[in-house]
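K.L.:
Just so we're aligned, residue 455 is where the sequence shown starts under this note's numbering, counting upward by one.
Mind looking over this structure? Questions follow.
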Amino acid sequence: MIYQLYPRSFYDTNQDGIGDIPGIIEKLDYLKGLGIGAIWLNPVYASPNDDMGYDISDYEQIMKEFGTMDDFKKMLEEAHKREIRIIMDLVVNHSSDEHQWFIESRKSKDNPYRDYYIWREGKQKKEPNNWASFFTPSAWKFDESTGEYYLHLFSEKQPDLNWENEKVREEIFRMINNWLDLGVDGFRMDVINLVAKYPGLLDGTGDKTPSGYVFSPEYFANQPMTFTYLSELYKRCFIGRDCMCVGETPFTDTETAKKFLKKEDPMLDMIFQFELMDIDSGKSGKWEIVPYTMKDFKEVVARWQEATKDSWNSLFWSNHDQPRPLSRFVTWSTQEERVLAGKMLAVAMHLQRGTSFLYQGEEIGMINATFDSVDQLMDIESIQYYQERKKVGREEEAWNAIARKGRDHARTPMQWNAEKNAGFTKGTPWLLVNESYPLINVEQAMKDPDSLYYFYKQLIQCKTTSDTLLYGDFTLLHAMDDNIFGYARRLNKDEIQILCNFTASPVPLVYDVPEESKVILSNYKEHFKDILQPFETIVVQSKAPM
Ligand code: TEU
Ligand code: CA
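Below you can see the structure in the form of structure tokens.
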């Protein structure tokens, strides 16, 4: 179980309203208590925070708001003492425009760093091609000083690095090796499958975005050279080391995943796929929110389990880019239901085959926040989207989408207790505190033996001590049921059935388990053989049929 920790919102020790590394150190025992084996830290490198640390201005320095390199080393040591591994974020598709390389690169066309980034001349006084960016209308920005454009798939302050340049790759490999030598245990590699761009940078042919540009992953995602670069990176940095790497890979289907995960030519240990996170996204992307069915959900889960059966899968309900799962995948109305549903979701995901990622706050059942106006938002993606839509009078529609899927929902401060600012800071928090904190907080959860926190602890214990849950194969059960998600994990003669009612109503279900089976985990004390109670989850172990 890996705990994804968003440092900016975890715990503030110097009351500047920003979480910090000393805050992480202070809470390591809390995390140890939960039973996790590793922490993935969102970026902690020097950054002007245009995209909250995903715009790095120095890969070898710690963000000053978070602390010093000594603080970092101390955290590493303290985590290791507790047998907790530390996995860093690695953001090397782009840097910040305030990185020394880019400052040099933009100075002149013959600067030694010019080729560290992707510069092109305009075409008839317009951008070099029609690519749309994730955050702005065009993926190109005109730079006065040399009269050329640079490519930025994300914000204007995140110029894409030029991986074709061997010097760039060498710098990156050196930097990765430095962190590994320092003792970090692995990396979560940000949009790592976007590093190679199609050589001709051709115009995309898909639908135009409202501003007239074309989102063109066919030319910037999973290009042939991506696999070459990643294989090289693995050989130069990871081989022979006790570490792990998980690649964040949008636009990746199961066939492409197999290429990333093949054992003969290692590139990545796991990937984060996006099909589940995009299950409610329409053709035009995440802001077009569309309905989906339980069958759609099962189809995605089963297909990815199948595709990774010879490699390894990653399991997650959320991360710092996604809304809170309790506000997204289930509909509940009382606090009691919230806790039941939280437990059910935990089982539904984490007893599948793969490594689990638990996003900060999920262990206490945090939910989406209420934002009253765009001034309260801090996330560049939501803010830019809102402003673009406002230009064409569609701000209300944009606001409704942000209320459901804005990235700030996941980024509000951790709720430690019922005191001011949820005990996160005595200063002014950098992003508003979710108003639910008097009810939903760590202190409350620790006092209540039936809390989600203790359930997670039990679940982690269950999974990490069962070979069947760790290594057993996966079979979908009740595939046609519209309300129940069920699966079996089998290893040799051992079978564990996992049943989950995703609805707030009782659902009839006859479960077919042998007499001598036993319930090893559930969110209810009482069970009925022909019904699953509202949000009930039940994990039943038996000997598999011969
Ligand atoms: O996200 C990559 C990515 O594909 C995003 O567009 C994602 O789909 C989006 O955030 C959903 O709203 C990674 C990081 O996780 C994200 O925080 C960064 O902003 C982005 O890369 C750029 O580094
Ligand atoms: Ca602080």
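Just so it is clear, CB atoms sit at the ideal spot from N, CA and C, and this is done for glycine as well.
On the three-state DSSP scale, how would you describe Ser781?
P.N.:
As a working note, residue 781 is residue 327 in the sequence shown. The answer is helix: DSSP assigns Ser781 an H, G or I state.
K.L.:
Pick from Ile985, Ile493, Gln806 and Asn619: whose alpha carbon is nearest that of Met529?
P.N.:
Here the question's residue 529 lines up with position 75 in the sequence shown. Looking at the Cα atoms, Ile493 is the closest of the given residues.
K.L.:
Is the Cβ-Cβ distance between Gly660 and Tyr673 less than 8 Å?
P.N.:
Taking the first residue of the sequence shown as position 1, residue 660 is located at position 206. Taking the first residue of the sequence shown as position 1, residue 673 is located at position 219. No.
K.L.:
For the alpha helix (DSSP H) that contains Glu897, what are its first and last residues?
P.N.:
Walking along the sequence shown from the start, residue 897 turns up at place 443. Note, Glu897: alpha helix (DSSP H), Val896 to Lys901.
K.L.:
Which first and last residues belong to the alpha helix (DSSP H) in which Trp884 is found?
P.N.:
As a working mapping, residue 884 is identified with position 430 in the sequence shown. No alpha helix (DSSP H) contains Trp884, which DSSP labels as neither H nor E.
K.L.:
Closer than 6 Å by C-beta to Trp741: which residues in its own chain qualify, once you throw out the five before and the five after it? Chain order, please.
P.N.:
As a position in the sequence shown, residue 741 is number 287, starting the count at 1. Contacts found: Ala855.
K.L.:
Tell me which residues share the same chain as Phe502 and place their Cβ nearer than 8 Å to its Cβ, disregarding the 5 neighbours each side in the sequence.
P.N.:
The count along the sequence shown starts at 1 and reaches residue 502 at position 48. It should be pointed out that residue 502 corresponds to Pro in this sequence rather than to Phe. Within the same chain, Pro502 has close Cβ partners Asp509, Ser511, Ser550, Glu552 and Lys611.
K.L.:
Where DSSP assigns a beta bridge to Asp927, which residues make up the other side?
P.N.:
Within the sequence shown, the letter at position 473 stands for residue 927. For Asp927, which the question treats as bridged, DSSP gives the partners Arg944.
K.L.:
Might you give, ordered along the chain, the residues of its own chain that have their beta carbon closer than 7 Å to the beta carbon of Gly819, omitting 5 neighbours on each side?
P.N.:
Sequence index remark: in the sequence shown, residue 819 carries index 365 (1-based). Within the same chain, Gly819 has close Cβ partners Leu780, Arg792, Val793, Gly796, Ile894 and Leu906.
K.L.:
Are there three or more Cβ pairs, one per stretch, closer than 8 Å when the region 464-479 is compared with the region 819-833?
P.N.:
Not touching, per the Cβ criterion.
K.L.:
Roughly how many angstroms separate the alpha carbons of Val993 and Arg757, rounded to a whole number?
P.N.:
Start at 1 with the first residue of the sequence shown, and residue 993 comes out as number 539. Start at 1 with the first residue of the sequence shown, and residue 757 comes out as number 303. Computed Cα separation, rounded: 22 Å.
K.L.:
Might you give, ordered along the chain, the residues of its own chain that have their beta carbon closer than 6 Å to the beta carbon of Phe726, omitting 5 neighbours on each side?
P.N.:
Position 272 of the sequence shown, counting from 1, holds the residue named residue 726. Once the five neighbours on either side are set aside, the close Cβ partners of Phe726 are Glu702 and Ser768.
K.L.:
Using only alpha-carbon positions, find the residue among Pro745, Ser738 and Glu729 that is nearest to Val754.
P.N.:
Locating residue 754 in the sequence shown gives position 300, where the first residue counts as 1. With distances taken between Cα atoms, Val754 lies closest to Glu729.
K.L.:
When you measure from the CB of Phe475 to every non-hydrogen atom of ligand 2, does any distance come out below 7 Å?
P.N.:
Along the sequence shown, one-based indexing puts residue 475 at 21. The amino acid occupying residue 475 in the given sequence is Ile; Phe does not appear at that position. Not under cutoff, so the answer is no.
K.L.:
Less than 8 Å between the beta carbons of Asp639 and Ile541, yes or no?
P.N.:
To locate residue 639, count along the sequence shown from 1; it is residue 185. To locate residue 541, count along the sequence shown from 1; it is residue 87. Contact flag set, yes.
K.L.:
If you follow the alpha helix (DSSP H) that Arg757 is in, where does it begin and where does it stop?
P.N.:
As a first step, residue 757 must be located in the sequence shown, where it is residue number 303. Where Arg757 is concerned, the enclosing alpha helix (DSSP H) stretches over Met748 to Ala761.
K.L.:
State the Cα-Cα distance for the pair Leu459 and Pro988, rounded to the nearest angstrom.
P.N.:
Position 5 of the sequence shown, counting from 1, holds the residue named residue 459. Position 534 of the sequence shown, counting from 1, holds the residue named residue 988. Spanning the two alpha carbons is a distance of roughly 31 Å.
K.L.:
Helix, strand or coil: how does DSSP classify Ala933 here?
P.N.:
In the sequence shown, the residue the question calls residue 933 occupies position 479. Residue state, collapsed to three classes: coil.
K.L.:
Quick one: Cα of Lys577 to Cα of Pro653, how far?
P.N.:
On the sequence shown, residue 577 is found 123 positions in, with the first residue counted as 1. On the sequence shown, residue 653 is found 199 positions in, with the first residue counted as 1. Cα-Cα distance, rounded: 17 Å.
K.L.:
Distance, Cα to Cα, Trp617 vs Asn583?
P.N.:
In the sequence shown, the residue the question calls residue 617 occupies position 163. In the sequence shown, the residue the question calls residue 583 occupies position 129. Answer to the nearest angstrom: the Cα atoms are 19 Å apart.
K.L.:
Would you identify the three-state DSSP class for Tyr603, choosing helix, strand or coil?
P.N.:
Position 149 of the sequence shown, counting from 1, holds the residue named residue 603. Note: Tyr603 maps to strand in three-state DSSP.
K.L.:
Taking 8 Å as the cut-off, does the region 674-683 touch the region 696-716 (at least 3 CB pairs, one atom from each stretch)?
P.N.:
A contact exists between the region 696-716 and the region 674-683.
K.L.:
What ranges does the alpha helix (DSSP H) occupy inside the region 632-688, keeping only unbroken runs of at least 4 residues that lie completely in it?
P.N.:
Runs found: 671-674 and 678-687.
K.L.:
Write down every uninterrupted run of the alpha helix (DSSP H) in the region 706-739 whose length is 4 residues or greater and which is fully enclosed by it, in chain order.
P.N.:
708-715, all fully within the region 706-739.
K.L.:
Classify Tyr925: buried if its beta carbon has 16 or more other beta carbons within 10 angstroms, exposed otherwise.
P.N.:
If you number the sequence shown from 1, residue 925 lands on position 471. So Tyr925 counts as exposed.
K.L.:
When the Cα atoms are used, what is the spatial distance from Leu485 to Asp935?
P.N.:
Within the sequence shown, the letter at position 31 stands for residue 485. Within the sequence shown, the letter at position 481 stands for residue 935. The straight-line gap from Cα to Cα measures roughly 37 Å.
K.L.:
Return helix, strand or coil for Asp512, following the three-state DSSP convention.
P.N.:
As a first step, residue 512 is located in the sequence shown; it is residue number 58 there, counting from the start. Here Asp512 sits in strand by DSSP.
K.L.:
Would you mind sorting Ser976 into buried or exposed? The rule is 16 or more other CB atoms within 10 Å of its CB.
P.N.:
As a first step, residue 976 is located in the sequence shown; it is residue number 522 there, counting from the start. Buried.
K.L.:
Taking 7 Å as the cut-off, is the C-beta of Thr467 nearer than that to any heavy atom in ligand 2?
P.N.:
For this step, residue 467 is matched to residue 13 along the sequence shown. Yes, the Cβ of Thr467 comes within 7 Å of a heavy atom of ligand 2.
K.L.:
What three-state label does DSSP hand Glu610 in the structure shown?
P.N.:
As a first step, residue 610 is located in the sequence shown; it is residue number 156 there, counting from the start. Note: Glu610 maps to coil in three-state DSSP.
K.L.:
Tell me where the beta strand (DSSP E) around Glu849 begins and ends.
P.N.:
As a position in the sequence shown, residue 849 is number 395, starting the count at 1. Element bounds for Glu849: not the beta strand (DSSP E) but the alpha helix (DSSP H), Glu849 to Lys859.
K.L.:
Give the DSSP bridge partners of Lys997, in chain order.
P.N.:
Sequence index remark: in the sequence shown, residue 997 carries index 543 (1-based). Asp948, per the DSSP bridge assignment.
K.L.:
Grab me the residues of Met523's own chain with a C-beta within less than 6 Å of its C-beta, minus the 5 sequence neighbours each way, in chain order.
P.N.:
Reading the sequence shown from its first residue, position 69 is the one you call residue 523. Result list for Met523: Ile516, in chain order.
K.L.:
Since I believe Phe520 is in contact with Val498 (beta carbons under 8 Å), could you give me their beta-carbon distance rounded to a whole number of angstroms?
P.N.:
To locate residue 498, count along the sequence shown from 1; it is residue 44. To locate residue 520, count along the sequence shown from 1; it is residue 66. Sure, about 5 Å apart at Cβ, within 8 Å.
K.L.:
If the criterion is Cβ atoms closer than 8 Å, does the pair His548 and Phe608 meet it?
P.N.:
Position 94 of the sequence shown holds residue 548. Position 154 of the sequence shown holds residue 608. In contact: His548 and Phe608 (Cβ atoms closer than 8 Å).
K.L.:
Taking all protein chains shown into account, do 16 or more other C-beta atoms lie within 10 angstroms of the C-beta of Phe982, making it buried, or fewer, making it exposed?
P.N.:
Within the sequence shown, the letter at position 528 stands for residue 982. Result: exposed.
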